[in-house]
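Numbering-wise, the sequence shown is residues -23 to -1, 1 to 172 according to mature numbering (1 follows the signal peptide of the UniProt record, and there is no 0).
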Amino acid sequence: MKMTHSLAGSLLAATLFSGPALAEEDVPAYRETQLGLYVTASEAYELMQDKERAVLIDVRDPIEIKFTGFAEPTDIHVPWVLADRRNFDEEAKTWPMVRNVDFETQVRDELEALNVAEDDPIIVMCRSGATRSAPGADIITEMGFSQVYSMTDGFEGGKLEEGDSKGVRAVNGWRNSGLPWSYEIDPDVAWRAAE
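What follows is the structure in structure tokens.
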């Protein structure tokens, strides 16, 4: 068993550290990051097991986490955008998402508090690995960090394309990959709005 785990870990490490997990041409333009570093949820978890200094940042809205769950090894939670509960959009039939203007400052403060080095692996996770993890990863890259990965399948993963549950996020992602998660949110990690 130990040899099998070691072999699997070695193969994964070779994949992760020889270059991005996904070739840039395999990533849709809206998911691309400046560094071109991508991991799936399973690869992210293995990276965190292999690299003790790896950091997982969740950039989802706190209410989203409350109702869909929290990846237990999350080190930092700072939302990229927040639902604007004061302005219901009747045309879109939902609340608009607005940018967290304090994102960069809050992430920087959290990274400094954890003494994260510029070359430590940082993994950024949103719901499905698209419109929040990629721009969040780019902001962190612009802070001077050189190993910033976007998790391509996020916490909930992709949607089923057929069957009775068509449209349900039940394909891959952290929660659907058997990785440790809970509805309980670690109070030491939970995001708090700037005062």
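Glycine is no exception: its CB is placed at the ideal position from the N, C-alpha and C atoms.
No experiment lies behind these values; they were computed from the predicted model shown.
Within this structure, are the beta carbons of I99 and V36 separated by less than 8 Å?
no
Status (buried if at least 16 other CB within 10 Å, exposed otherwise) for S159:
exposed
What span of residues does the beta strand (DSSP E) with S127 cover, start to end?
125 to 128
Can you find the residues in the same chain that come closer than 7 Å, C-beta to C-beta, to W168, ignoring five residues on each side of it along the sequence?
P39, H54, V55, P56
Three or more C-beta pairs closer than 8 Å, one from the segment 13 to 20 and one from the segment 124 to 137: is that the case here?
yes
Who are the near neighbours of V148 in its chain, counting only those whose CB is closer than 7 Å to its CB and skipping five residues on each side?
G134, G135, K136, L137
Under the rule that 16 or more other beta-carbon atoms within 10 Å means buried, what is Y7, buried or exposed?
exposed
Grab the span of the alpha helix (DSSP H) containing R152 for me, first residue to last.
150 to 153
Beta-carbon within less than 8 Å of N64's beta-carbon, same chain only, minus the 5 sequence neighbours each way: which residues are those?
W72, P73
Just list the alpha helix (DSSP H) runs in the segment 3 to 34, keeping only unbroken ones of 4 residues or longer that don't cross its boundaries, in chain order.
18 to 27
Return the chain-ordered list of same chain residues with a C-beta closer than 6 Å to the C-beta of S154, the five sequence neighbours on each side being excluded.
A18, S19
Where do the N-terminal and C-terminal ends of the alpha helix (DSSP H) with V84 fall, by residue?
80 to 90
According to the neighbour-count rule (16 or more other Cβ atoms, all chains shown, within 10 Å of its Cβ), is G131 buried or exposed?
buried
Can you tell which of D79, S123, I42 has its C-alpha closest to the C-alpha of W151?
I42
So, with DSSP's three-state summary, where would you put A69?
coil
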